[in-house]
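Going down the list, the protein sequences come from chains A and B.
Using the UniProt record's numbering, read the first sequence as starting at 1 and increasing by one per residue.
Using the UniProt record's numbering, read the second sequence as starting at 1 and increasing by one per residue.
To start, the structure under review is shown below, and the notes come after it.
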Amino acid sequence: IKLMCRQGIPVQYRSDIWRRLIYAKISDLKQEKGEFYFGHLITRAYDSLVGYYRKQIFIDLLRTMPTNINFSSADAEGIRKLKEVLLAFSFHNPSIGYCQGLNFVASMCLLFLDTEDAFWALVAITEKYFQPTYFDKSLTGANIDQEVFQEMFSQKLPVLYAHVKKFDLEFSTITINWFLALFIEVVPFQTLLRIWDCFLMEGPKVLFRFSLAILQKHQEVLMEQREVLGLLKCLKNCTKLLLDVDGLVKTAFGELKPFPKRHSITTRQLHFEKI
Amino acid sequence: MSFQGPEEYDYLFKIVLIGDSGVGKSNLLSRFTRNEFNLESKSTIGVEFATRSIVVEGKKLKAQIWDTAGQERFRAITSAYYRGAVGAMLVYDIAKHATFENIDRWLKELRDHADDNIVVLLVGNKTDLRHLRAVMSEDAAEYADRNNLIFIETSALDSTNVEHAFQQCLNEVYKRVADRHFSNVNIGQTTALPTTNLQSTILEKKFCCNS
Numbered sequence: 001i002k003l004m005c006r007q008g009i010p011v012q013y014r015s016d017i018w019r020r021l022i023y024a025k026i027s028d029l030k031q032e033k034g035e036f037y038f039g040h041l042i043t044r045a046y047d048s049l050v051g052y053y054r055k056q057i058f059i060d061l062l063r064t065m066p067t068n069i070n071f072s073s074a075d076a077e078g079i080r081k082l083k084e085v086l087l088a089f090s091f092h093n094p095s096i097g098y099c100q101g102l103n104f105v106a107s108m109c110l111l112f113l114d115t116e117d118a119f120w121a122l123v124a125i126t127e128k129y130f131q132p133t134y135f136d137k138s139l140t141g142a143n144i145d146q147e148v149f150q151e152m153f154s155q156k157l158p159v160l161y162a163h164v165k166k167f168d169l170e171f172s173t174i175t176i177n178w179f180l181a182l183f184i185e186v187v188p189f190q191t192l193l194r195i196w197d198c199f200l201m202e203g204p205k206v207l208f209r210f211s212l213a214i215l216q217k218h219q220e221v222l223m224e225q226r227e228v229l230g231l232l233k234c235l236k237n238c239t240k241l242l243l244d245v246d247g248l249v250k251t252a253f254g255e256l257k258p259f260p261k262r263h264s265i266t267t268r269q270l271h272f273e274k275i
Numbered sequence: 001m002s003f004q005g006p007e008e009y010d011y012l013f014k015i016v017l018i019g020d021s022g023v024g025k026s027n028l029l030s031r032f033t034r035n036e037f038n039l040e041s042k043s044t045i046g047v048e049f050a051t052r053s054i055v056v057e058g059k060k061l062k063a064q065i066w067d068t069a070g071q072e073r074f075r076a077i078t079s080a081y082y083r084g085a086v087g088a089m090l091v092y093d094i095a096k097h098a099t100f101e102n103i104d105r106w107l108k109e110l111r112d113h114a115d116d117n118i119v120v121l122l123v124g125n126k127t128d129l130r131h132l133r134a135v136m137s138e139d140a141a142e143y144a145d146r147n148n149l150i151f152i153e154t155s156a157l158d159s160t161n162v163e164h165a166f167q168q169c170l171n172e173v174y175k176r177v178a179d180r181h182f183s184n185v186n187i188g189q190t191t192a193l194p195t196t197n198l199q200s201t202i203l204e205k206k207f208c209c210n211s
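This is how it looks when you write it as structure tokens:
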């Protein structure tokens, strides 16, 4: 199944497999919370007018997938679902509440899953796939991963890393949303699906792989950039046009060997957490 | 693959857009740099950027404008965002009073992270929503006055004052540079070095290649 995920889940099985992968992560939690949990959260979401995160969620609803007809107007079906998922989640996990970017993640889930499954997918992603601090009020986990990623970048692609370091730029401000929003809005949709297939199967480690693969594939043209905005534009255009997904997967899982093992990533995460 | 041909300019100025989520930062950016307004805009995650050059007193100024997520938790990653900025647009929505109330916090954020001499504009955006106005111009003007900010109201949607706002910001930056408010401006440097002050981030140069 890991191999199938890397090769891309056939479209007719995607919903089903994503759902299974997600439930494998949270079935215990779901059992513990009981079968009415999601419905209960929805009721609370509709009853309560206060909800600290309500305002931010409402600002973002129509700014999530505006070109999709199901998400393009206030009374569209997708918007109602997205609102329910995000509000329910903000009550479920008050320490994250709502983090911008989760709107994109939730809407992506809603393209393949029903409302309750999309809610559990969001729970799985924020609490099980990533560390629970990933999306917290200081984006603690996300920042730690950027430190880890910078270190990996310097080891795997030292020449490009040295080039990028010459600019007055915190490179992580660019790459953080590759991780936080799971490449949504970064790569073309078909490529995005393939990254998600791998992510849901194998977890956040693949985000490091894909990030490095993207940089490696465009190393040459990135090296030619002499100015910070040129570099950023170039990187943005390269990722937007990343249609050779098979090549990307090949680079990510083949050419980057040896890749740090999951436990060594964890060790580095702990190291940066202390700092 | 090259995305822009060689471009000449005399000065490169970094301008940052800040303010609450949904006040229209990204559309101010696109209106000024591409003359576009996007009704189907998306939440900004991470950092966006664009450039445009204008001529002031015969000098070509290239503005490098940065835009970022408005949600508070993203500020943790954006302290680097202020580095080297010589101008800031503090944006609120004239139809949402809370976004004006938060200006205080944004200003503090700037004072903590940006250069002391940074030019700050207070921008009341969305004047096209005049029937929904919640922040009086006089109140904002008075606030700006008290805090030494330049005040302007804009509409990214119908273009009102957007050009003027950025021009004013760049003019003022240029004036301060010409008066040597930003000390130790390096001349003829091609790439900025990592620094915490403005020393090497205002680049005075000719014949720069941006490809």
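Glycine included, C-beta positions come from ideal geometry on N, C-alpha and C.
In the DSSP assignment, the residues bridged to B:Ala88 are B:Val16 and B:Val120.
Using a Cβ distance threshold of 8 Å, A:Thr239 and A:Val187 count as a contacting pair.
Residues of the segment 21-47 of chain B that bring their beta carbon within less than 7 Å of a beta carbon in chain A comprise Ser21, Gly22, Glu40, Ser41, Lys42, Ser43, Ile45, Gly46 and Val47, in sequence order. With respect to the 8 Å criterion, A:Phe153 and A:Leu212 are classified as neighbours on the basis of their beta carbons.
Three or more pairs of CB atoms, one per stretch, sit closer than 8 Å, so the segment 114-131 of chain A contacts the segment 79-98 of chain A. Sequence-ordered contacts of the segment 63-96 of chain A with chain B read Arg63, Thr64, Met65, Pro66, Thr67 and Ser72 [C-beta pairs closer than 9 Å]. The alpha-carbon separation between A:Ile214 and A:Asp168 amounts to approximately 21 Å.
For B:Thr51, the closest Cβ of chain A is nearer than 8 Å. In chain A, no part has a C-beta under 7 Å from the C-beta of B:Arg105; the shortest such distance is about 15 Å.
Close to B:Ala69, with beta-carbon spacing below 7 Å, are these residues of chain A in chain order: Gln100. Of the other Cβ atoms in all chains shown, 16 or more fall within 10 Å of the Cβ of A:Ile22; this residue is therefore buried.
For the 8 Å CB-CB criterion, B:Leu170 and B:Leu149 do not form a contact. Within the model, the alpha-carbon separation for A:Gln190 versus B:Val16 is close to 33 Å. Annotation: the continuous beta strand (DSSP E) that includes B:Val56 extends over Val47 to Val56. Counting only residues of its own chain and dropping the five nearest sequence neighbours on each side, B:Arg34 has a CB closer than 8 Å to the CB of Ala50.
Counting C-beta atoms within 10 angstroms of its own C-beta, A:Leu243 has fewer than 16 neighbours from the protein chains shown and is therefore classed as exposed. Contact annotation: A:Asn237 and B:Gly46 have beta-carbon atoms that are not nearer than 8 Å.
Beta-bridge analysis with DSSP links B:Ala140 to no other residue. For B:Met136, the closest C-alpha among the options B:Gly124, B:Arg146 and B:Arg180 is that of B:Gly124. B:Thr68 is bridged by DSSP to B:Val47. At least one C-beta of chain A is nearer than 8 Å to the C-beta of B:Tyr81. In the DSSP annotation of this structure, the continuous segment of the alpha helix (DSSP H) that includes B:Phe100 starts and ends at His97 to Glu101.
Excluding its 5 nearest sequence neighbours in each direction, A:Leu3 has no C-beta neighbour in its own chain below 8 Å.
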